[in-house]
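Please read the structure below before turning to the comments.
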Amino acid sequence: MKLLEERIRKEGLILSDTVLKVDSFLNHQVDTQLALEIGREFARIFADKPITKVLTIEASGIQFAMAAGIALNVPFVYAKKKKAVTLAEQVYSAPVHSFTRGETYQVSISQKYLGPGDQVLIVDDFLATGAALVGLVDIVREAGAELMGVGCVIEKSFQEGRSLLERRGVRVHSLARIASMAPGEVHFIEEDSA
Ligand code: 5GP
1 MKLLEERIRK
11 EGLILSDTVL
21 KVDSFLNHQV
31 DTQLALEIGR
41 EFARIFADKP
51 ITKVLTIEAS
61 GIQFAMAAGI
71 ALNVPFVYAK
81 KKKAVTLAEQ
91 VYSAPVHSFT
101 RGETYQVSIS
111 QKYLGPGDQV
121 LIVDDFLATG
131 AALVGLVDIV
141 REAGAELMGV
151 GCVIEKSFQE
161 GRSLLERRGV
171 RVHSLARIAS
181 MAPGEVHFIE
191 EDSA
């Protein structure tokens with residue numbers, strides 16, 4: 001997605017050769033028009049799939065799942081990272097290891113909002129090690145729902161996330177795929193337009 005690549009080049013802060021900061025437009029302050037455009041792009045890419053629900057993980061996937069849900073005219077659900085008292089009902093959950101924070105946490109979704117009969121598109125802001133998305137994929141399968149694919153806004157293709165998902169038989173589409181980066185420069189893989 002050219003528009004997104006341009007914004008990353010212009011506003012992205014490359015903190016090291018593995019960490020990209022995009023919090024001026026994607027995941028702290030959010031450019032709402034860009035987020036809606038991202039949602040429409042996911043809807044276009046997965047137009048051949050009968051998606052009934054979009055799934056993400058709190059917090060920074062929410063705006064893109066909502067945008068995709070609007071474009072597809074379906075609800076979205078976000079997995080919670082902390083077990084809230086109000087989630088006392090039955091949940092599906094999976095452990096996720098965060099390499100950036102060096103800790104493992106549980107993500108949970110109420111069984112009321114995911115189950116057999118759902119045809120799910122998973123959306124997230126970043127695909128890095130893939131740990132967060134593998135957790136969501138496991139939840140979808142545990143729930144007996146059907147996974148239609150995974151859409152990521154930014155993929156750091158030099159990390160193992162994509163291959164981890166593909167080994168699980170998951171179709172992955174990312175709107176900006178970074179082959180490599182270093183402070184002051186970023187190299188993208190040809191746009192994923194399929
Ligand atoms: P994972 O390693 O599980 O694929 O990524 C987990 C989460 O870490 C992503 O959803 C994203 O929120 C965050 N993350 C991973 N790499 C980066 C990065 O380079 N920049 C930012 N801002 N967040 C990242």
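All residue numbers for the sequence shown refer to full-length UniProt numbering, where the first residue is 1 and numbers rise by one. We put the CB at the ideal spot given by N, CA and C, even for glycine.
Since residue i is in the beta strand (DSSP E), which residue starts that stretch and which ends it?
i: R177; result: V172 to A182
i: E155; result: E146 to K156
Could you tell me if residue i is buried or exposed, where buried requires 16 or more neighbouring beta carbons within 10 angstroms of its beta carbon?
i: S180; result: exposed
i: G161; result: buried
i: Q90; result: exposed
i: A17; result: It is Asp, not Ala, that sits at residue 17 in the sequence shown. Counting Cβ neighbours within 10 Å, D17 comes out exposed, since fewer than 16 surround it.
i: E41; result: buried
i: A194; result: Summary for A194: the model assigns pLDDT 47, below 50, so the residue's position carries little reliability; its value from the coordinates is reported in the next sentence. Burial call: exposed.
i: S163; result: exposed
i: Q63; result: buried
i: G135; result: buried
Measure from the alpha carbon of residue i to the alpha carbon of each residue in the options, then state which is nearest.
i: I178; options: V172, E166, G184 and S157; result: S157
i: M148; options: F64, A131 and G117; result: G117
i: E37; options: M1, T18, K21 and T56; result: M1
i: F146; options: L121, R167 and N27; result: The sequence given here has Glu at residue 146, not Phe. Answer by Cα proximity: L121.
i: I139; options: R7, V77, E5 and T18; result: V77
i: F126; options: V153, S163 and Q29; result: V153
i: Q111; options: L4, E142, T129 and P75; result: E142
i: T52; options: I45, E58, G69 and A94; result: G69
i: G61; options: T129, N27 and V74; result: N27
Could you check how far apart the C-beta atoms of residue i and residue j are, in whole angstroms? I think they sit under 8 Å.
i: V172; j: V150; result: 5 Å
i: A43; j: A71; result: 4 Å
i: A132; j: V96; result: 5 Å
i: G184; j: I14; result: 7 Å
i: E58; j: K21; result: That pair is no contact at about 19 Å.
i: I8; j: A176; result: 6 Å
If I follow the unbroken alpha helix (DSSP H) through residue i, where does it start and stop?
i: G42; result: The question names Gly, yet the displayed sequence has Phe at residue 42. Per DSSP, F42 belongs to the alpha helix (DSSP H) from T32 to I45.
i: E5; result: K2 to E11
i: E166; result: G161 to R167
Check: Mind pulling the beta strand (DSSP E) runs of 3 or more residues that sit fully within the stretch 49-135?
Finding: 53-57, 76-79, 91-98, 103-110 and 119-127
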